[in-house]
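As structure tokens, the structure follows; a few thoughts come after it.
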Amino acid sequence: MAAPDTDALADDLLIGAAQIARHIFGSDEDRFTRRVYYLMGRAKCRLPSFRLGFQVAARKSTLRQWII
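Residues in the sequence shown are numbered from 479 upward in steps of one, following this note's numbering.
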């Protein structure tokens with residue numbers, strides 16, 4: 479029985495607002511990290527994300543679809 483491709487799933491996961499900001503904006507400066515939190519909560523078109531405990535997380539594949 480073959481194991482699921484967990485490496486591909488792990489590579490798709492971004493944990494923390496800084497990682498999400500780095501993926502979307504190319505930088506994890508404070509202003510981009512704050513923008514991630516804004517897009518998660520108050521923007522008209524919300525950022526597709528979820529929480530893992532106290533941290534925010536998102537999938538790269540889902541973010542690509544959201545951007546397009």
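Every residue gets a Cβ at the ideal spot worked out from N, C-alpha and C, and that includes glycine. Quantities reported herein were computed from a predicted structural model and do not represent experimental measurements.
Helix, strand or coil, according to DSSP, for residue i in the structure here?
i	result
leucine 541	helix
leucine 525	coil
isoleucine 498	helix
Any beta-carbon of chain D closer than 8 Å to the one on residue i?
i	result
phenylalanine 503	Of the chains in the structure shown, none is chain D; there is only one protein chain.
How many angstroms separate the CA atom of residue i from the CA atom of residue j?
i	j	result
glycine 494	tyrosine 516	14 Å
isoleucine 502	leucine 530	19 Å
arginine 509	methionine 518	14 Å
leucine 541	leucine 492	10 Å
glutamine 543	cysteine 523	13 Å
threonine 434	glutamine 533	Nothing in the structure corresponds to residue 434, since the chain is present only between 479 and 546.
With C-beta atoms as the reference, is residue i less than 8 Å away from residue j?
i	j	result
alanine 499	arginine 520	no
alanine 496	aspartate 489	no
alanine 536	leucine 525	yes
Is there at least one non-hydrogen atom of the ligand NAD closer than 7 Å to the beta-carbon of residue i?
i	result
valine 534	Here there are no bound small molecules, and the ligand NAD is not part of this structure.
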